[in-house]
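Chains as they are written, first to last, in our numbering: chain A, 185 to 702; chain B, 185 to 702.
Number of protein chains: 2
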Amino acid sequence: MNGARSLVETLVNSGVEVCFSNPGTSEMHFVAALDRVEGMRGVLALFEGVATGAADGYGRMAGKPACTLLHLGPGLANGLANLHNAKKAFTPVVNVVGEHATYHKALNAPLTSDIEGLSAPMSKWVCTSPDAKSVAGDAAEAVRQAMSGEQGVATLILPANTAWDESNGPVAALPIDGPIAPDGETVKAAAKALEKPGRKVMLMNGNALRAKGLEAAARIQAKTGVEIFVDTFYPRSERGQGIPVFPGLPYFPDDIAKTMEGAEELILVGSPRPVTFFAYPGKKSDCTPDGVEPVVLATPAHDGIAALEALADAVNAPAIDKLEKDPRTQLNLPDLPTGELTSGPMGQTIAALLPENAILSSEAATSGLAMNIFTATSRRHDWLNLSGGSIGQGLPVAVGAAVACPDRKTVCVSGDGGAMYTIQSLWTMARENLDITTVICANRSYAILNIELMNVGAENAGPKALSMLNIGNPDLSFIDIARGMGVEAMRSETAEDFNDHFKYCMENKGPKLIEVML
Amino acid sequence: MNGARSLVETLVNSGVEVCFSNPGTSEMHFVAALDRVEGMRGVLALFEGVATGAADGYGRMAGKPACTLLHLGPGLANGLANLHNAKKAFTPVVNVVGEHATYHKALNAPLTSDIEGLSAPMSKWVCTSPDAKSVAGDAAEAVRQAMSGEQGVATLILPANTAWDESNGPVAALPIDGPIAPDGETVKAAAKALEKPGRKVMLMNGNALRAKGLEAAARIQAKTGVEIFVDTFYPRSERGQGIPVFPGLPYFPDDIAKTMEGAEELILVGSPRPVTFFAYPGKKSDCTPDGVEPVVLATPAHDGIAALEALADAVNAPAIDKLEKDPRTQLNLPDLPTGELTSGPMGQTIAALLPENAILSSEAATSGLAMNIFTATSRRHDWLNLSGGSIGQGLPVAVGAAVACPDRKTVCVSGDGGAMYTIQSLWTMARENLDITTVICANRSYAILNIELMNVGAENAGPKALSMLNIGNPDLSFIDIARGMGVEAMRSETAEDFNDHFKYCMENKGPKLIEVML
């Protein structure tokens, strides 16, 4: 058995079932091995950022890694932006990158580059297999690394001769180090902080945002009066009917500072400190109130749910169904809107029609705010957010989520600017017949940048500057682009159009795109 | 004056006239500075790989750098694949990357990453400006680094506060270290090698492939009988009527080995050794014949034209117009083809109709061979090749070439697979109304990989493997995609169609796309 086959068999042994790939010559043996091993599904992308973003979306929903298959340094480079998002989301990904044969590398052929150097910034673990006999063991270790402790991207670099040379066959899965259990002393410290008078704030991210974590948080709030905020850029949250909901930490610096103002205690559950996304002249970047030292109840390596449940018990919070006021969200669907189509009515329609158990991949920077508010009381769903701030995540994450959860409807809501970074995702949606409805918020602008231009004090911008933020001229036609990649597409000009189109998409399976003219 | 303005003024002082950008919040002051400084044109791309590839194409044609403006680590990452190609092409590029404010970085906000680490593999020089007062000097040094000696990518990383803080104003351009003049001893050694009996081979790349270099090479050949080959992946060659033409070194390993067989002397002029593109099981990677130690007449840091002229003089070669047989290519245009449209007729039509002084950006892996042969006797043109092997170069390089040379027709011939990596290029072509005709060779396959699958010995591939090489299902419609980005598009099903469409495009200015159904 060659090294390539030992790789694929070991990955399957380790629970990896899907390979999001864009291979080249140096990966041909790995591609050939896909046919010889049962249990590995190959999903082709036309651009590597689609493959890595899909691996992120898959990992968020499946709770285990997919693998990628990328072609040398440039193929890896094209996938790095979405690996950055996966890293910041703590998503387990096994990132497989082909390399020149060990003896070929020194010759500096055109495609030679420093693959380890390129991988390191976005990976928690990087390994180059030295020979075919090492591949299986390295692959099992890659899965272990991706899944253990603080989860993330494990990059396995495979020189071409490790694929075609003889191996010792596959190995079994390695044991995973699960998330860290809550520490008794820290739980006590958090409970003590919550007993104090004055304003107390808790910031949450990670698995604390699943239903069980949110329920425990609601119990703690009911008992202690702590104010709870959800970190701005969470990878995944369960939301909607039956699930307690908490406001999000705002995005802009003055709003974050205001939210944190007067807090005397700060408890972090899988969340970083309240840091601004960007720096702004004359404004604080770390909005932790002066003199407050946060209690870190859970890091991203911890089990946030277990930590919150331990804290709820430590403060003697009643069970969720024994609370005076039930904190679980009641279903409250907005009416379908009529008339002009702006981001508000768009959000209303989505909230009204989103089916039970939908997955919502959101990358609508300025156009997604209303949708976020309206869907808080929708039918139960998962919301996947832009975790690392690198736009071009929304469509690929939807691809991966839909592959992981074929029986659930996936809705991807993206800005027009953001959608163009990885627009090739549409083709993979069509090829795999994924049940994804992509909603493009077509405002013909990097709208967030028009706001940021003012925020950073770069005022009085002239026409050349403003043209760098305006993506009209020419207008993009997403319905043409979608049809060009085999995806059924429609354009909504009015709220009534969008009601009809979104309803059609929710009632019919398969990949579809709606271009919403904002 | 803030640091951002000192940057733009210094770049303009240093001869940089174009900025290919995809900015974000951290770059807003640099964007605002574009309006306040005369002489810098901003060209927006919807994806960073378009911006970096365009900077490569611009540098190849203008002989001086454009700058980029990219957003933090992920924006840089999206541009790395085409920076790899620029590096391998020795194209001068000033790669400007925004970074978080110096005091913001330690807070590990979502978009934080190791930008220096990401830049290093594709850059010859990397510098992070520590403060606003350093920006102007660093910018002048970036241009000097990009242009001096072995040209390449100079990456300048600018924390946001270096943009908005007060600077000391711009600085003047720094002196450039031009290409290295030929070394007398090396020229003598090469001349001596050419006097020997037996088979002598010369491989050429770099500026040796401009008309003057090719003329000097032809004189040397006429006098000494040396066999001359052009390196497979050259960044730019002048070709066609009036210019001597030499065969290219083949791509596949057995063909390279055969080409080099029996050579007793090997002279390298700006070219690496005859190394295979990939390694293949049981085949040699370095096809330099055993026992032959090449004479390196010119490295990429040398002036290949001057080296060849010195060698021609050293071997007492007559002037080009005194040679017995004039080596300068006679115009020989093929007839327009009829009937079935395959890559042969496609190449014939392009060769027949390519206008004087056209620029041909080629990334048609399997479909471009016939075109290469037919155009050797076309009207005079520049051919820009895939230099670093990272596909997704063809369209962006055409963008940059057309910006550099607005009075010349640019033709981009790309495979369908390759075109999809940076398909967002079409939008920039439309926005800037660039005179580019994009020809998509739609064979619905990563056709080169079907060949490579056999070459690497991964035979008997099954349906799952073959599906990873087949990009039909669904078929891409490039005419829809082009229209979606504002580019006039047409589809050619027969040779007659293509004759009509290509003729129309050559006779009319502006961005157009022809999808050739192969």
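Note that the Cβ used here is the ideal one computed from N, Cα and C, for glycine as well.
Local Cβ density within 10 Å of residue i, reported as buried at 16 or more and exposed below that
i, result
"Lys308(B)", "buried"
"Asp505(A)", "exposed"
"Met388(A)", "buried"
"Lys272(B)", "buried"
"Pro521(A)", "buried"
"Glu677(B)", "exposed"
"Asp361(B)", "exposed"
"Gly241(B)", "buried"
"Lys593(A)", "buried"
"Asp349(B)", "buried"
"Pro580(B)", "buried"
Interface partners of residue i on chain A, CB under 7 Å
i, result
"Leu618(B)", "Those do not exist, as Leu618(B) stays about 12 Å from chain A at its closest Cβ, beyond 7 Å."
"Ser598(B)", "Near Ser598(B) there are no residues of chain A at all, since even the closest Cβ is about 13 Å away, more than 7 Å."
Neighbour list for residue i in chain B, Cβ cutoff strictly below 9 Å
i, result
"Gln608(A)", "Met604, Tyr605 and Ile607"
Bridge partners - residue i, DSSP secondary structure assignment
i, result
"Asn692(A)", "According to DSSP, Asn692(A) bridges with nothing at all."
"Ala673(B)", "Leu697(B)"
"Ile412(B)", "Met386(B)"
"Val234(A)", "For Val234(A), which the question treats as bridged, DSSP gives no partner whatsoever."
"Arg225(A)", "Val202(A)"
"Ala614(B)", "According to DSSP, Ala614(B) bridges with nothing at all."
"Ser598(A)", "Glu547(A) and Ile624(A)"
Residue i versus the options, residue with shortest Cα-Cα distance
i, options, result
"Ile427(A)", "Thr559(A), Val640(A), Val215(A) and Ile635(A)", "Thr559(A)"
"Gly578(A)", "Leu660(A), Thr296(A), Arg383(A) and Arg420(A)", "Arg420(A)"
"Val587(B)", "Asp619(B), Val414(B) and Leu568(B)", "Asp619(B)"
"Leu302(B)", "Leu340(B), Gln335(B) and Glu540(B)", "Leu340(B)"
"Val310(B)", "Val319(B), Glu300(B), Ala316(B) and Ser318(B)", "Glu300(B)"
"Pro321(B)", "Val410(B), Gln425(B) and Ser190(B)", "Residue identity differs from the one stated: residue 321(B) is Gly in this sequence, not Pro. Comparing Cα positions, the closest option is Ser190(B)."
"Leu660(A)", "Ala357(A), Ile360(A), Pro465(A) and Asn627(A)", "Asn627(A)"
"Thr286(B)", "Glu222(B), Gly572(B) and Thr346(B)", "Thr346(B)"
"Gly237(A)", "Glu222(A), Asp600(A) and Gly572(A)", "Gly572(A)"
"Lys468(B)", "Ala485(B), Glu448(B), Asp497(B) and Phe436(B)", "Phe436(B)"
"Ala239(A)", "Gly584(A), Val499(A) and Asp519(A)", "Gly584(A)"
"Asn617(A)", "Leu517(A), Pro294(A), Val671(A) and Cys625(A)", "Val671(A)"
"Gly602(B)", "Met613(B), Thr621(B), Thr533(B) and Tyr630(B)", "Tyr630(B)"
Coil, strand or helix - residue i by DSSP
i, result
"Ser661(B)", "coil"
"Asp438(A)", "helix"
"Glu445(B)", "coil"
"Thr550(A)", "coil"
"Glu477(A)", "coil"
"Gly426(B)", "coil"
"Pro529(A)", "helix"
"Ile620(A)", "strand"
"Leu342(B)", "strand"
"Gly523(B)", "coil"
"His284(B)", "coil"
"Ala503(B)", "coil"
"Glu508(A)", "coil"
"Gly187(B)", "helix"
Where residue i meets chain A, residues with beta-carbon distance less than 8 Å
i, result
"Leu637(B)", "Met212, Val215 and Ala216"
"Ser297(B)", "His268, Pro305 and Met306"
"Ser651(B)", "Gly226 and Leu228"
Cross-chain neighbours of residue i in chain A, by beta carbon under 9 Å
i, result
"Ala400(B)", "Within chain A, no residue comes near Ala400(B); the closest Cβ sits about 26 Å away, beyond 9 Å."
"Phe461(B)", "Thr209, Ala293, Pro294 and Leu295"
"Trp567(B)", "Correct list: empty, because the minimum Cβ distance to chain A is about 17 Å."
"Pro159(B)", "Absent from the model: residue 159(B). The displayed extent of chain B is 185 to 702, so no value can be given."
Cross-chain neighbours of residue i in chain B, by beta carbon under 8 Å
i, result
"Tyr287(A)", "Ala463 and Ser469"
"Trp348(A)", "Pro465, Val640, Gly641 and Ala642"
"Pro478(A)", "None at all; the shortest Cβ gap to chain B is about 13 Å."
"His284(A)", "Phe462 and Ala463"
Cβ-heavy atom distance, residue i to the ligand NAD, below 7 Å
i, result
"Glu677(A)", "As for the ligand NAD, it is missing from this structure, which has no ligand bound."
Beta-carbon neighbours of residue i, restricted to chain B and to distances below 7 Å
i, result
"Arg667(A)", "Ser661 and Asp664"
"Phe231(A)", "Met604 and Tyr605"
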